[in-house]
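There are 2 protein chains.
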Amino acid sequence: MARVRKTVTIRDVAEDAGVSLQTVSRVVNDGPNVRPQVRDKVRASIEKLGYVPSLAAQRMSGSRSYIILAINDRERTLADWRERLGTDWVDQMLLGGILTCSQHGYRMMVELVDTHSDHVERELGAALSALQPDGVILTPPHSENRLITELLAARRIPFARIGSNAPGPGVPLTMGDEGAAHLATTRLIELGHRRIGMIAGPSQYSLSGWRIEGWRRALAEAGLAHDGLIETGDFGYPSGARAAEALLTRNPDLTAIIASNDQMALAALEVARERGLTVPDDLSLISFDNTPIVRFSQPPLTAIDQPIAETVSRAVEHLIARGPEADDRAVIEVAAGLVERASTAIAPDRA
Amino acid sequence: MARVRKTVTIRDVAEDAGVSLQTVSRVVNDGPNVRPQVRDKVRASIEKLGYVPSLAAQRMSGSRSYIILAINDRERTLADWRERLGTDWVDQMLLGGILTCSQHGYRMMVELVDTHSDHVERELGAALSALQPDGVILTPPHSENRLITELLAARRIPFARIGSNAPGPGVPLTMGDEGAAHLATTRLIELGHRRIGMIAGPSQYSLSGWRIEGWRRALAEAGLAHDGLIETGDFGYPSGARAAEALLTRNPDLTAIIASNDQMALAALEVARERGLTVPDDLSLISFDNTPIVRFSQPPLTAIDQPIAETVSRAVEHLIARGPEADDRAVIEVAAGLVERASTAIAPDRA
DNA sequence: GCGCATCTTGAGAGCGTTCTCAAGACTTGT
DNA sequence: ACAAGTCTTGAGAACGCTCTCAAGATGCGC
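Residue numbers (this note's numbering), protein chains in the order written: chain W, 1274 to 1624; chain H, 1274 to 1624.
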């Protein structure tokens, strides 16, 4: 099958099948009102000529763009980014999105926006105008960025807010953070732990609050105190180390720590080692996210598996499925689970 | 600035600036032959109205599509992919590509293609027809996939072959694999190691061969043997474990191992631990790639830093810069470096 | 077997941009 | 000062597709 120089257009197909251009369009888009016989003939021609509709032309003529846009921070260099790989959401989000888009004939594009500045409106606006995506996916902390959500709402572009359950426009998706934190804490209590510390994430992330809440609720249910057992980090390694240090110094009786992400948990692991504490014998450790790195630490970390890719996948499906208007208010919740590895054990005083 | 419902088109700008549509187009595209005065007036209107050209329309009218396409394997589920995150190229490639595209007003799209089957032509062809990308990026092992490269060449789409230096169409980019392997091996020799094993990658990757070659050359230069010191894996953890096992069983006198990627190196680390060998006291370990996971193992691995993101970035820049024809034959080579961490030490018999 | 509703098909316009080409304005050389 | 360029500008077609709307074909009820 020699490749022809010229692109095969809908016109070529129409001619080959002996029908009008419009009929071919109907067949391609699974439109109604085409006789099966004609449909088959057109399909045969499409197959024969190897016709594929041009995305650009489709978009031009007012139909869907078949593009889902994911917003990401731009203020990062290549080095910054490399640093975060494997410990961040970006990659999981990308892969979940790309895979799911691909399955539905859509494409995922990533737009890097300076989300901190007041350039948001200009930059994001430009991207929306240029790309005209059928849907947008927001991850924390952008999910609750007013500038962004309002711009999207004003343009009437359907969007998903991952890690947000606040009211407002857009489809909210959460990953059961409160429940997961509760689950993890309860598990530690079952293991006999009584003094369980928390390394929380930054407060501008709603999920930080939910995680704290789940931890606190589990402690309360068991009649345990939580005063002085919490430190806040920024999801980065150094901040995790500082938090763990503070926690362990202030509470020498601590036997377990829950960290709000893997990166900070690894930092806590290192701090424990430096202090001569053995994990899990002296200190149990549970992290959030379950990104790939935690499988290879020593010991491998027990982690709450945040189904990020899965959630993005759900978000994409939702955006694709829904009409441009339907703005269902239901929060979509994807369940998180606990993956027990070697960083948790029976509390030392119980062993 | 109230957001208007309707999209701002080039026509609106023309009207506002009191010039023809064509003149605006010239200004937007930095075309020649526009009086500075007119140019400024048009620019002002563009600014005022917030005009952004529609990508789709631009593509339609025969100009560039501003899309760079990256080809990836499709035969993977979400779970498969999660598994590989942080240890694979995908994410680094994506980020390098996305960032660089973004800097030049381009977009990177990822196409998932079933590269194993004979559907390649159909699937990839469809993607190319639909997207009409200005350039394509191929990573190993696709960089040397004949079906793919020939299809791209036939369609006259510029493309970059990362990790390939074979002649043929497309721009080849390499990361100095031979030199890097030589460097790492030499370093081990400097540390007094005499029996240095190699866990090689699969042979369909050219870079596997280069890495072996660098290792062999360094050994030869030092007058050391390499017989029986090599085992081949498939870049996966289990295969790395098998290879390390075989290597250590056959050569009890081994004091160092170089693994062709991080995943296999981590497997070797685990195997060593199981056998009661301490890294680096009894066995030194160097891995290839330096993906984020190796910083968090115990001990952190000394690794050859493969500048994947950087290389993709270079590839993108090259694709963007070049005219549609210019097919320079020069191989672009991005240098790799050695990052020394705690998995290498002076050979035990020398200590 | 006739009239009306419904199904099927096609013609033509329009989407927002760039390309080609021609016309007018301005230089330059002599 | 005049012919022969060179610059600047604009008009109109083209890109490949879907939309709207109208016309012809077909089915149904009586």
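Glycine included, every Cβ here is placed at the ideal spot set by N, Cα and C.
- For Thr-1388 (chain H), none of the residues of chain W pass the 8 Å Cβ criterion, the least Cβ distance being about 14 Å.
- According to the DSSP assignment, Val-1363 (chain H) belongs to the alpha helix (DSSP H) that extends over 1363-1376.
- About 15 Å separates the beta carbon of Cys-1374 (chain H) from that of Ile-1344 (chain H), a gap too long to meet the 8 Å contact definition.
- Taking 4 residues as the minimum length, the alpha helix (DSSP H) runs contained wholly in the stretch 1386-1425 of chain H are 1393-1404, in order along the chain.
- Here Asp-1346 (chain W) is bridged, per DSSP, to W:Val-1386.
- Per DSSP, the unbroken beta strand (DSSP E) holding Gly-1610 (chain H) starts and ends at 1610-1612.
- Two segments are said to touch when three or more pairs of C-beta atoms, one from each, lie closer than 8 Å; by this definition the stretch 1447-1462 of chain W touches the stretch 1579-1588 of chain W.
- In its chain, beyond the 5 residues on either side, Ile-1435, Leu-1446, Met-1448 and Val-1607 have a beta carbon closer than 7 Å to the beta carbon of Thr-1584 (chain H).
- For Val-1325 (chain H), at least one C-beta of chain W is nearer than 8 Å to its own C-beta.
- In the DSSP assignment, Ser-1560 (chain H) falls within the beta strand (DSSP E) that extends over 1557-1562.
- Contact annotation: the stretch 1543-1556 of chain W does not touch the stretch 1416-1435 of chain W, with fewer than three C-beta pairs closer than 8 Å.
- Against chain H, a Cβ distance below 9 Å from Val-1544 (chain W) picks out nothing, because the smallest value is about 14 Å.
- For Val-1301 (chain W), the enclosing alpha helix (DSSP H) stretches over residues 1294-1301.
- In the three-state reduction of the DSSP assignment, Met-1471 (chain H) falls in the strand class.
- With its beta carbon less than 8 Å from one in chain H, Leu-1368 (chain W) belongs to the interface.
- With a cutoff of 8 Å on beta-carbon distance, Ala-1529 (chain W) and Leu-1461 (chain W) are scored as near each other.
- Non-local C-beta neighbours of Gly-1378 (chain H) in its own chain, meaning closer than 7 Å and more than five positions away in sequence, comprise Tyr-1339, ordered along the chain.
- Taking CB atoms only, Phe-1508 (chain H) has no neighbour in chain W less than 8 Å away.
- For Glu-1504 (chain W), the beta-bridge partners assigned by DSSP are W:Ile-1472.
- Against chain W, a Cβ distance below 8 Å from Ser-1570 (chain H) picks out Phe-1569, Ser-1570 and Gln-1571.
- Within the stretch 1281-1312 of chain W, the residues whose Cβ lies closer than 8 Å to any Cβ of chain H are, in chain order, Val-1281.
- Residue pairing from DSSP places Ile-1341 (chain W) in a beta bridge opposite W:Met-1381 and W:Gly-1408.
- Per DSSP, the beta-bridge partners of Val-1444 (chain W) are W:Ala-1433.
- Excluding residues up to 5 positions away in sequence, Ile-1577 and Ala-1609 lie with their Cβ nearer than 6 Å to the Cβ of Ala-1453 (chain W) in the same chain.
- At a cut-off of 8 Å between beta carbons, Val-1604 (chain H) makes no contact with chain W.
- Here Val-1325 (chain W) is not near Ser-1390 (chain H), since their CB atoms are 8 Å or more apart.
- Asp-1535 (chain H) carries a helical assignment under DSSP once its states are collapsed to helix, strand and coil.
- Taken through DSSP and simplified to helix, strand or coil, Thr-1522 (chain W) comes out as helix.
- For Leu-1521 (chain H), the closest of H:Ile-1469, H:Leu-1539 and H:Leu-1368 by C-alpha to C-alpha distance is H:Ile-1469.
- With at least 16 other beta carbons inside 10 angstroms of its own, Thr-1388 (chain H) counts as buried.
- Listed along chain W are Ile-1371, each with a C-beta nearer than 7 Å to that of Val-1383 (chain H).
- A direct Cα-to-Cα measurement between Asp-1364 (chain W) and Trp-1354 (chain H) gives close to 10 Å.
- For Thr-1575 (chain H), there is no enclosing alpha helix (DSSP H); the enclosing beta strand (DSSP E) has its first and last residue at 1575-1578.
- Excluding its 5 nearest sequence neighbours in each direction, Gly-1506 (chain W) has C-beta neighbours in its own chain below 6 Å: Ile-1472, Ser-1512, Gly-1513, Ala-1516 and Met-1537, listed in chain order.
- Around the CB of Gly-1443 (chain W), 16 or more other CB atoms lie within 10 Å, so the residue is classed as buried.
- Counted as a single uninterrupted DSSP element, the alpha helix (DSSP H) harbouring Gly-1487 (chain W) occupies residues 1479-1494.
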